[in-house]
Amino acid sequence: MKSDRWSLVVGLWMMAGALGAQSLPKAYGTTAVSYVEIPAVAFDSSLPAFPFVQDGPFARYTPGCSGCLVAPLRLPSGAKIVSLELDAVDTDAFDFAFGTLWVCDRWGANCSKHPAAAVGPADCAFAGWVCTGKAFADGPTTATADLTPDSLVVDNTQNSYLLTASADASTVTLGGMIVGYVLQVSPAPPTATFNDVPTTDPAFQFIEALAASGVTVGCGGGNYCPDMPLTRRQMAVYLAKALGLQWP
Amino acid sequence: MKRGIGIGAFLGAALALATSVAAEDGRPQLRAKTYGISQDSLYHVPVTEFAPRDTSTTYADYVFANTLARTTGGCLGQCLEAVPRLPNGALLTKIEAYFCNTDSNPTDVLGVHLYKSWYDGTNMTEMGAVYSASSNGCGEDKVEDLTPLNYQVNYWDNQLILIVETHTTNGTQALAGVNLYYRLEVSPAPPTATFNDVPTTSPQFQFIEALAASGITVGCGGGNYCPNSPLTRGQMAVYLAKALGLQWP
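As given, the protein sequences belong to chains H and W, one line each in that order. Reminder that position 29 of the first sequence reads as 29 in my numbering, one-by-one numbering, no gaps. So my numbering is basically just the index in the second sequence, starting at one, shifted up by 1000.
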């Protein structure tokens, strides 16, 4: 399921957790997991006829589904989704909360559940969903699905993404859902932009990414001069253009 | 009360997850960028973020065939609204909307209008709009170029709002989502120089000032920036970590 490098990252993360360090939401970098929390207030409860709460990609209107909640999920294009967590509270130690991540086309139709989100504990009555399982005590209940096996990469130009949550009884309330993702650099293109950075260059993918984003135009004459030292003035141009810095 | 969930086979799952369209050169097309100044970034406004503008109206709400499209019920005029949150300084380049319609009535027109107002919400001015035709079904895609406006998002002076407007009360149409496209920009050069050795005439003046104003660099001491000194790997680390506000683990 996981590469060695990924295992190492997870191992280090767990070590950090054991040492009491907090895992903070990130926004940058390409190895550590960033988390976005979609709190309960972001879910719309006015969807008695939301068509996707039933199983299957083309399911329709479900009379009586009054507890169904839906929230849009917005992540940067290129982000790889790696985990989905559902947090809920039960007051009678008897019920389930369940939810999932839907991948729809760009106008919100033809939604399908993320296949790797279809995991739940054995005692969950709703196989095929991220399900908290039966809570044996009152209070918070959590379920987490590992979505890494499916390598779903966000593409906002082709797809839209939704979270739904529901419960089997009105004693369950949703706390929120948390989506983990990892930023990625676009794959290397087939042809080279600069004469001196061929497709075989170890930094090819990254230099092409900077060129495509308008962060660099090279050093002139169709070259990038990859081995020249960078001056402080060049660094300033790189960063200001990369981030589109605005001030004051 | 226990509620059953219908168990259906998931025929479309694999298909839906494989919808990332490859560009001609084989790379996935990821036009929605977050960084860089040469290409458009995409800000998606999902239909769930559109709220009724007049709560006294009864809306047919979201159900539209099997699509999460918000209808305007029998509402006439300005019916739904949403607030896009683009980065300050972003240059607006395009507005795009997806529409649905259950019939092909040629009088059905649904418009999505982008307005700016003053910072206090008054003095609304329309900046652009896209209109549906009468196509039957979902996925009608309309785009308008906003580059002639040359408008940069500026929340000190303006608010932005999207408004959905109907021209008929038959309620057969729905909005399925709106995309706003924008381009990041670096602030213009200031009139005076921060560093003695980077005068306003330096070709990189605008960019070095941007880094200083953002707290990414304080220069090399003595009121200078040392623009021609090579950057060490150590300095590179400080630049990037400060620029991105890196948090870990």
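Heads up, the beta-carbon is just placed ideally off N, CA and C, and yes, glycines get one too. From a predicted model like this one, the values you see are computed outputs, not experimental measurements.
Scanning chain H for C-beta atoms nearer than 9 Å to the C-beta of Ala1069/W yields Trp107, Gly108, Ala109, reported in chain order.
Taken in chain order, the members of the stretch 1201 to 1212 of chain W whose beta-carbon sits within less than 9 Å of a beta-carbon on chain H are Ser1202, Pro1203, Gln1204, Gln1206, Phe1207, Ile1208, Glu1209, Ala1210, Leu1211, Ala1212. Boundaries of the alpha helix (DSSP H) harbouring Ala240/H: 232 to 243, taken from the DSSP string. At a cut-off of 8 Å, the C-beta of Tyr28/H has a neighbouring C-beta in chain W. For Met1236/W, the uninterrupted alpha helix (DSSP H) segment begins and ends at 1233 to 1244.
With fewer than 16 other beta carbons inside 10 angstroms of its own, Tyr1119/W counts as exposed. Counting C-beta atoms within 10 angstroms of its own C-beta, Ser34/H has 16 or more neighbours from the protein chains shown and is therefore classed as buried.
Boundaries for Gln1159/W: no alpha helix (DSSP H) harbours it, while the beta strand (DSSP E) harbouring it runs 1158 to 1166, taken from the DSSP string. With a cutoff of 8 Å on beta-carbon distance, Leu1244/W and Tyr1151/W are scored as not near each other. If you ignore the 5 residues before and after Val1045/W, its C-beta comes within less than 8 Å of the C-beta of Ala1082, Pro1084, Leu1162, Gly1177, Val1178, Asn1179, Leu1180, all in its own chain and listed in chain order. Around the beta carbon of Thr1201/W, fewer than 16 other beta carbons lie within 10 angstroms, which makes this residue exposed. Taking all protein chains in view, the Cβ of Met177/H is crowded by 16 or more other Cβ atoms within 10 Å, so the residue is classified as buried. Shown here, Phe1050/W sits in coil according to DSSP, grouped into three states, outside any helix or strand. Gly1036/W sits buried, since 16 or more C-beta atoms from the chains shown fall within 10 Å of its C-beta. For Val36/H, the closest of Asn195/H, Ile207/H, Val182/H by C-alpha to C-alpha distance is Val182/H.
Its chain contains Lys1116, Ser1117, Trp1118, Tyr1119 as the residues whose beta carbon lies nearer than 8 Å to that of Asn1158/W, once the 5 sequence neighbours on both sides are disregarded; these appear in chain order. Judged by DSSP in its simplified three-state form, Ala32/H adopts coil rather than helix or strand. Under the 10 Å beta carbon count, Met235/H is surrounded by 16 or more other beta carbons and is classified as buried. In the DSSP annotation of this structure, the continuous segment of the alpha helix (DSSP H) that includes Leu1211/W starts and ends at 1205 to 1213. Fewer than three beta-carbon pairs drawn from the stretch 1193 to 1211 of chain W and the stretch 200 to 218 of chain H are found closer than 8 Å, and the two stretches are therefore not classed as touching. Going by DSSP, Ala143/H is part of the beta strand (DSSP E) stretching over 139 to 146. Remark: three or more beta-carbon pairs, one from each stretch, lie closer than 8 Å, so the stretch 1038 to 1053 of chain W and the stretch 153 to 165 of chain H are flagged as touching. Shown here, Thr100/H sits in a strand according to DSSP, grouped into three states.
In this model, Ala1213/W and Ser1187/W are separated by some 10 Å (Cα to Cα). Chain W has no Cβ within less than 8 Å of the Cβ of Lys80/H. Distance from the CA atom of Ala143/H to the CA atom of Asp1103/W, rounded to whole angstroms, is 43 Å. Looking only at Thr191/H, Met228/H, Pro202/H, Leu75/H, the smallest Cα-Cα distance to Val153/H is reached by Leu75/H. When DSSP states are grouped into helix, strand and coil, Thr1147/W belongs to the helix group. Within chain W, no residue has its CB atom less than 8 Å from the CB of Gln205/H, the nearest being about 11 Å off.
DSSP places Pro115/H within a helical segment (H, G or I) once states are collapsed to three.
In terms of Cα proximity to Phe98/H, the closest of Thr191/H, Pro226/H, Ala165/H, Pro189/H is Ala165/H. Judged by DSSP in its simplified three-state form, Pro1191/W adopts coil rather than helix or strand.
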